Every structure is written in C-alpha cells, then in structure tokens.
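Residue numbers (full-length UniProt numbering): 1 to 474.
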C-alpha cells in the first residue's frame, strides 16, 4: 500500500502527539488528586490543633473528674461540637481504641491504623475507599498532662471535592481534544506548505522526462528546498544545452561521414577504373598506356592515403580524445618557431612577413599551438594568393588574442561560418586539399580552453584567442 509523504508526516506527528496527550492527561489527573489530598490534610491538621485545645480546656474545667472519665462521659458531646465546626464526621477514642462517641453513624469504616498511631502520640491520616466513595481518615491525639489519653478522628468525605476535580478533568479533556484537533488542522496545513515545493519538483521532473526544459520552478521558501529548486533549474538548463549540443554533434557527424564517403569514393573510382583499363590493354602490350594508368593509380592512391590520414587526424583531435600538455610557454617563441619551419615556402612565393608579437607567457601546449599557426599560414600561402602576412596581438579583458592577417583574396561572407566544418572547401578553390585543416585547428584551440575566429577584412583575418591563465593544469 502506497502512503504519500503528506500522510506519513501527519501519521508520524499523530503517533508522537497522542502518547504525549495521554501522558499529560494522566499527569494532570494525578497532580489534581494529590493537590486535593494535600490541601484537605493541611486543613484537617490545622483544625486538629484547635480541637485539641478545646478538649484539653474542657478536661481542665472538669478537674473534679479523671480525664479518662471526662472523655468517656462527654465523648458524644465533644464529637458533635467539633463536627459542627468542621462539617465532617468526628469520632472520640480512648487509649484502648474504644469508640466513646461520634457525631454521626459511620458504619462500614472499620479501618483503625490511623487511630493506633494517634493514641501513641502521632498525628496520622489514611485514604480510605468504601463503596466507590473516598475518605480521609485523620486522627490526632488528646493530651492530659503531657500524656495521651485518647484521640480525635476526623472522617472527611472527598465526594464534593472529587466532583470539582472531575469537572476540572473534564474541562482539561475538552481543552486537550480542542488542541489536538487544532494541531491536526495545523499539521495538515503545514504539511501542504512543506510538500508544495516537492510537488513542484515532481511535476518539473515529469516535464523534464517528456523533453520540456523551459519551465522554471519557483520556490520562495528561502531554505534547502529553495536551493534544490535553483539547482534543478540549472540542471534543466544544462541538460537542454547538452541535448542541443549532442544533436548538433550528431548532425556534424552525419555530414562528416557523408563527405568522407564522397571524398573516398572519387579516388577509389579512379583507381578501380584505371586498374580495369590496365587489365584490358595488357593483352595489347601498349606500354605507354600501362605506364600512364599506373601513374594515375599511384597518384590517386597517395591522395586516398592523405585523405585517410586527415580523417584520422580529425578523430584524433576531437575534444576529450587527445591529451594536452599545458605549460608556461612564450607565445613569441611559438610564432618564431612556426615561421622558421615555413620560411622556405614563404620565400618561394615571395610573401613578406610583418611580425609584431610581444613576449607573453601563456599556459598552453607548445607543439599543438605551433601546429595551429603553421596550418593557418599554410592555408594563406596555398589559397589566398597574398603578398603579405601580418602577425600581431591585442589584449582584451582576460584574453590574449593573436591575429594572423593576409592581403589575399579572402572568403565570401556567406561561407565564413562553414570554414570550420570538416571537408568544407571554399567554392572555386582548385588547390589540392580535403578541407580538414581549420576543423582540426578549432578543436585544438577549444581543447586548450581557447577559440578561433575568422573575419574577412581586405583579406582574411584569423584571430587565435587564448585565456591568460595564471595557473597551469592538465
């Protein structure tokens, strides 16, 4: 059986509340009863002193008679007199525990331990229950010349006092019932208030499961549930971004393999075609034609090998699939090494360099950054027909930006956004290549927490953006 959290909270509080109410109720009854007995005993004790004085004075007035004879003969009168003042049944006993007089009949009360204690000189009381009625039996000694000659017993009926206690208990019971009902109502309201954010989270999780990411949870409790709601909102936003990125990557992968298939198909078709031609003409022994076919097969085979190697490079440089060795490097030294490696080609094409890069230490991978710079300059040599290449830098906020610009043909603006896609080649470009270079460069920069951007400003301007990290990490 499924029990909701709300019902669990109410049940738990009820289980705690009910025993507490029972304990409080029983304790209240006990305290009221004990206070009633205590006050009644104190009252009888106080009155017993007055009664003792009265009896002792009476015995002195009757000095012609023995004290025992006085209380024996005047016992009923003394008992009645005291009873009229105290409004309770009174009895007179001698030292032999003989009843000498009583204010009214008290048959059925045959308990006498309090009387025994009193004739021995001690005030004593006992609670006596008879026929559903409760009495306080209070006995006080009678002295004559410092000697106990009997006792006075007070039989105090607790019935009227118990009625007051019962009414009080009934009132307390009603108050407790009212407070319990109020507690349950407040418990119900409070459980709704507590569970409201959880219900919102539950609904939001269902929405998230069904692909709805734009709904935000609004929780104004200013406590841990508020923090949980904010974390859930952030998770929802991040999940939406991750799913969108995953879809984009899947689409890129789809285009990548379509282009790869197309690129691989062209040289394979040539190789197969020329190999078939060799088989047909070998019977005629046309050596020149066989040599020409062999040359085509060799050329296309090498082109296919280069293409496969480039595809492997793209896979190698995909984010999270290659290790980066970050260390403090001087960007000027990286640029100088790259230019030395490509200087011969620059001289062949009569391209002039204009370099203005400061000594700046960055936390980057030396070799991979060098590969990026080489690739960009190599593209400028092969595709831009430029005469000059300018390399300088700027600082912007927390970024160091290396700018590589040429004065060549540039790229149409509508094609700039696609240059980083694998296998993309600018329209009209007849130079050899597979269009994988800039895609690899972008991946290398992003792996280093950097970026690469291209703009067409009287030629092609490539900006390599590095974060100026203070601490290196791998």
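Quick reminder that beta carbons are idealized off the backbone N, C-alpha and C, glycines included.
Note that the coordinates shown come from a computational prediction; the quantities given were computed from them, not determined experimentally.
Measure the C-alpha to C-alpha separation of residue i and residue j and round it to an integer number of angstroms.
{"i": "residue 176", "j": "residue 31", "result": "16 Å"}
{"i": "residue 97", "j": "residue 62", "result": "23 Å"}
{"i": "residue 18", "j": "residue 192", "result": "21 Å"}
{"i": "residue 450", "j": "residue 325", "result": "14 Å"}
{"i": "residue 238", "j": "residue 208", "result": "12 Å"}
{"i": "residue 251", "j": "residue 420", "result": "14 Å"}
{"i": "residue 183", "j": "residue 212", "result": "40 Å"}
{"i": "residue 460", "j": "residue 247", "result": "31 Å"}
{"i": "residue 467", "j": "residue 399", "result": "5 Å"}
{"i": "residue 223", "j": "residue 440", "result": "47 Å"}
{"i": "residue 124", "j": "residue 27", "result": "27 Å"}
{"i": "residue 395", "j": "residue 240", "result": "33 Å"}
{"i": "residue 331", "j": "residue 360", "result": "6 Å"}
{"i": "residue 188", "j": "residue 162", "result": "38 Å"}
{"i": "residue 476", "j": "residue 181", "result": "A query on residue 476 cannot be resolved here, the shown segment of the chain reaching from 1 to 474 and no further."}
{"i": "residue 455", "j": "residue 327", "result": "30 Å"}
{"i": "residue 195", "j": "residue 165", "result": "43 Å"}
{"i": "residue 120", "j": "residue 152", "result": "12 Å"}
{"i": "residue 171", "j": "residue 185", "result": "21 Å"}
{"i": "residue 138", "j": "residue 117", "result": "10 Å"}
{"i": "residue 14", "j": "residue 198", "result": "22 Å"}
{"i": "residue 249", "j": "residue 418", "result": "14 Å"}
{"i": "residue 10", "j": "residue 167", "result": "32 Å"}
{"i": "residue 339", "j": "residue 452", "result": "19 Å"}
{"i": "residue 65", "j": "residue 78", "result": "16 Å"}
{"i": "residue 345", "j": "residue 391", "result": "17 Å"}
{"i": "residue 433", "j": "residue 244", "result": "Note on residue 433: pLDDT 45, under 50, position unreliable in the model; the coordinate value appears next. Rounded to whole angstroms, residue 433 to residue 244 spans 31 Å at the Cα level."}
{"i": "residue 516", "j": "residue 25", "result": "Residue 516 lies beyond the range of the chain shown here (1 to 474); nothing can be said about it."}
{"i": "residue 42", "j": "residue 73", "result": "30 Å"}
{"i": "residue 59", "j": "residue 109", "result": "28 Å"}
{"i": "residue 16", "j": "residue 178", "result": "17 Å"}
{"i": "residue 348", "j": "residue 378", "result": "13 Å"}
{"i": "residue 410", "j": "residue 444", "result": "23 Å"}
{"i": "residue 217", "j": "residue 230", "result": "8 Å"}
Please say whether residue j and residue i have beta carbons closer to each other than 8 Å?
{"i": "residue 129", "j": "residue 159", "result": "no"}
{"i": "residue 136", "j": "residue 34", "result": "no"}
{"i": "residue 393", "j": "residue 358", "result": "yes"}
{"i": "residue 464", "j": "residue 372", "result": "yes"}
{"i": "residue 232", "j": "residue 204", "result": "yes"}
{"i": "residue 140", "j": "residue 52", "result": "yes"}
{"i": "residue 363", "j": "residue 334", "result": "no"}
{"i": "residue 150", "j": "residue 94", "result": "yes"}
{"i": "residue 404", "j": "residue 462", "result": "yes"}
{"i": "residue 111", "j": "residue 126", "result": "yes"}
{"i": "residue 169", "j": "residue 29", "result": "yes"}
{"i": "residue 36", "j": "residue 71", "result": "no"}
{"i": "residue 376", "j": "residue 353", "result": "no"}
{"i": "residue 156", "j": "residue 46", "result": "no"}
{"i": "residue 83", "j": "residue 106", "result": "no"}
{"i": "residue 380", "j": "residue 412", "result": "no"}
Measuring alpha carbon to alpha carbon, tell me which residue in the options is nearest residue i.
{"i": "residue 200", "options": "220, 185, 188", "result": "220"}
{"i": "residue 382", "options": "399, 408, 352", "result": "408"}
{"i": "residue 416", "options": "395, 438, 385, 151", "result": "438"}
{"i": "residue 350", "options": "327, 336, 387", "result": "387"}
{"i": "residue 56", "options": "38, 75, 39, 42", "result": "75"}
{"i": "residue 341", "options": "188, 241, 374", "result": "374"}
{"i": "residue 80", "options": "73, 90, 71", "result": "90"}
{"i": "residue 355", "options": "410, 109, 337", "result": "337"}
{"i": "residue 442", "options": "84, 152, 368, 397", "result": "368"}
{"i": "residue 49", "options": "217, 295, 154", "result": "154"}
{"i": "residue 447", "options": "365, 347, 377, 13", "result": "365"}
{"i": "residue 236", "options": "227, 131, 214, 20", "result": "214"}
{"i": "residue 145", "options": "253, 68, 397, 122", "result": "68"}
{"i": "residue 7", "options": "190, 54, 230", "result": "190"}
Bridge partners of residue i, per DSSP?
{"i": "residue 124", "result": "139"}
{"i": "residue 406", "result": "389"}
{"i": "residue 156", "result": "136"}
{"i": "residue 329", "result": "362"}
{"i": "residue 400", "result": "395, 466"}
{"i": "residue 354", "result": "390"}
{"i": "residue 151", "result": "93, 141"}
{"i": "residue 187", "result": "None; residue 187 has no bridge partner."}
{"i": "residue 129", "result": "134"}
{"i": "residue 102", "result": "91"}
Would you say the beta carbon of residue i is closer than 7 Å to some non-hydrogen atom of the ligand NAP?
{"i": "residue 400", "result": "Questions concerning the ligand NAP fall outside what the structure shown contains, since it holds no ligand whatsoever."}
Fully enclosed by the UniProt domain "HAMP" (192-244), which alpha helix (DSSP H) runs are 4 residues long or longer? Runs of the alpha helix (DSSP H) inside the UniProt domain "HAMP" (192-244): none found.
Q.
Threshold first: 4 residues or longer. Then list the alpha helix (DSSP H) segments lying entirely within the stretch 438-472, N to C.
A. You should have found no qualifying run.
Exercise for review: Write down every uninterrupted run of the alpha helix (DSSP H) in the stretch 18-97 whose length is 4 residues or greater and which is fully enclosed by it, in chain order.
Suggested key: DSSP runs (the alpha helix (DSSP H)) wholly in the stretch 18-97: 67-73, 75-86.
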